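Residue numbering for the sequence shown is 1 to 265, as defined by full-length UniProt numbering.
As structure tokens, the structure follows; a few thoughts come after it.
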Amino acid sequence: MNLIKHRRKFGSEDIGAQVPLHRSRAIIYGGSIIVPDERSSEHIYTHGGYGHYIDEKEDRTNARLFPEAPMEGSSERAAFSEERRQWSEKSPLYERLRLSPEETVYLSIDANVLEVCEKDKILTQKELWSRMRDLGGAKFLKKYVAYRFLRRNGWCVRCGLPYGCDYLIYRGNPSSYHAAAGVKIESSLEPRVFVGLNRVLTNMKKALIILTVMVPEALDETKPCCADSVHISMSTSTTMFVERKMNDMKAQECAKIMSDVLKEH
């Protein structure tokens, strides 16, 4: 599944391990799956790009404490910057990782590198599966099977909501690589939706992958092993805009007509 068509998507370093190397613990708190330990959070994120940091967009310095900065180059400016730095060091943010239900099941059941607790009780695989189904909603099984399929094909998988997709896939950690493709989980797409989605992704130099997840009728979805009975078919699109292709075709036709006219004369 080689979808890397642009040099920037190769990144600047070698790909590290896509699975954490040691076991960590997560807790279910308020409907979210949190990795409370900072070292474990960093390890899980570094080795495979799992999860999102809860406070990653939060400013470490309260702007109300330092409302106005002195003029550039003044001695007051240097003192002002030093005060901000000291305040940041005195009030650090705890970098805790939040995992999605799909990531949690993959790390716990498939990779066996995560144990999940709720109310001080370590959940069994069946209990975890049931809890993640509750948190993941009606489409959890399809999303998880698709997520596992992409991970097993060597991709780092992230949320694709900003591009109207279910997932974005990367060659390695998102901090070092650009997304190679957007992934949509659908049995069928309306032509208008397909063209619009393809336009957005093509404009961002990304391919489009359509995954069709086929769940057998009467499948018992209460057990983790049910995921092995679900089948996936995949189609990809790396075409450019439909309008551009049509314009190219028209230009070629016009060039051929002009060439024929010149030959006749």
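The beta carbon of each residue, even a glycine, is placed where N, CA and C say it ideally should be.
The structure displayed is predicted, hence computed values, not measured ones.
Exercise. Whose C-beta lies closer than 6 Å to the C-beta of D37 among residues of the same chain, with five residues either side of it excluded?
Worked result: If we look at D37 and ignore the five residues flanking it on each side, it has no Cβ neighbours.
Exercise. Between the beta-carbon of A146 and the beta-carbon of L211, is there less than 8 Å?
Worked result: Cβ atoms of A146 and L211: closer than 8 Å.
Exercise. Would you report the Cα separation of A181 and Q125, rounded to the nearest angstrom?
Worked result: If you take the alpha carbons of A181 and Q125, they lie about 31 Å apart.
Exercise. Among residues of its own chain, excluding the 5 on either side of W155, which ones have a beta-carbon nearer than 6 Å to its beta-carbon?
Worked result: Cβ-Cβ distances below 6 Å link W155 to I169 in the same chain, with the five nearest sequence neighbours on each side left out; the list follows chain order.
Exercise. M234: which of L150, H47, R199, K119 sits nearest, CA to CA?
Worked result: Each of L150, H47, R199, K119 was checked against the Cα of M234, and the nearest Cα belongs to L150.
Exercise. Three or more C-beta pairs closer than 8 Å, one from the stretch 220-232 and one from the stretch 127-139: is that the case here?
Worked result: Judged by pairs of C-beta atoms under 8 Å, the stretch 220-232 touches the stretch 127-139, as three or more such pairs exist.
Exercise. What number of angstroms, rounded off, separates the C-alpha of V19 from the C-alpha of Y53?
Worked result: C-alpha of V19 to C-alpha of Y53: approximately 18 Å in a straight line.
For this session: Compare the Cα-Cα distances from S100 to each of R39, I185, D134 and report the closest residue.
Result: The shortest CA-to-CA distance from S100 to any of R39, I185, D134 is the one to D134.
Exercise. Given V215, which residues of its chain have a CB within under 6 Å of its CB, disregarding the five upstream and five downstream residues?
Worked result: Short of 6 Å from the beta carbon of V215, and not among the five residues preceding or following it, lie these beta carbons of its own chain, in chain order: V230.
Exercise. Under 8 Å, do L114 and A227 count as touching if we go by C-beta distance?
Worked result: With contacts defined by Cβ atoms closer than 8 Å, L114 and A227 do not form a contacting pair.
Exercise. Taking the Cβ atom as the reference point for each residue, do G51 and E103 lie within a distance shorter than 8 Å?
Worked result: A contact, by the Cβ cut-off of 8 Å.
Problem set entry | Which residues DSSP lists as bridging C159, in chain order | Bridge partners of C159: Y167.
Problem set entry | Cβ shell of Y45 (< 7 Å), same chain only, five flanking positions each side left out | Result list for Y45: G51, L97, in chain order.
Exercise. Mapping DSSP to helix, strand and coil, what is V213?
Worked result: Secondary structure at V213: strand, using DSSP grouped into helix, strand and coil.
Problem set entry | Segments of 3+ residues assigned as beta strand (DSSP E) that fall wholly inside the stretch 170-215 | DSSP runs (the beta strand (DSSP E)) wholly in the stretch 170-215: 179-185, 207-214.
Exercise. Which of the three DSSP states, helix, strand or coil, is assigned to R25?
Worked result: For R25, the secondary structure class from DSSP, reduced to helix, strand or coil, is strand.
For this session: From the DSSP output, read off the bridge partner residues of E103.
Result: Paired residues: none, contrary to the question.
Exercise. Based on Cα-Cα distance, which residue from K121, N198, V157 lies nearest to R178?
Worked result: The residue asked about is misnamed: residue 178 is His in this sequence, not Arg. The residue with the shortest Cα to Cα distance from H178 is V157.
Problem set entry | Residue environment, S40, which counts as buried when at least 16 other CB atoms sit within 10 Å | S40 should be labelled buried.
Exercise. G197 and G164 look like a contact to me (Cβ under 8 Å); what is the Cβ gap, rounded to whole Å?
Worked result: Reading off the sequence shown, one finds Leu at residue 197, where the question assumed Gly. Confirmed, about 6 Å.
For this session: Please name the residue, chosen from L21, F194, R152, G136, that lies closest to R171 on a Cα-to-Cα basis.
Result: When each option's Cα is compared against that of R171, the closest is R152.
For this session: Give every residue of the same chain whose Cβ lies closer than 6 Å to the Cβ of I28, excluding the five residues on either side of it in the sequence, and list them in chain order.
Result: If we look at I28 and ignore the five residues flanking it on each side, its Cβ neighbours are E118.
For this session: Go through its chain and collect everything with a Cβ distance to G49's Cβ below 6 Å, but skip five positions before and after it.
Result: Excluding residues up to 5 positions away in sequence, C156, N173, P174 lie with their Cβ nearer than 6 Å to the Cβ of G49 in the same chain.
For this session: Could you check what DSSP says for H43 in three-state terms: helix, strand or coil?
Result: Secondary structure at H43: helix, using DSSP grouped into helix, strand and coil.
Exercise. Based on Cα-Cα distance, which residue from V213, H22, K206, R199 lies nearest to S108?
Worked result: Comparing Cα positions, the closest option is H22.
Exercise. Which whole-angstrom value describes the C-beta separation of V105 and Y144, a residue pair presumed to lie in contact below a C-beta threshold of 8 Å?
Worked result: 6 Å between Cβ atoms; contact.
Exercise. Residues in its own chain within less than 7 Å of G31 by CB, not counting five upstream and five downstream?
Worked result: By the criterion of a C-beta distance shorter than 7 Å, G31 is surrounded in its chain by L135, once the five residues flanking it on both sides are discounted.
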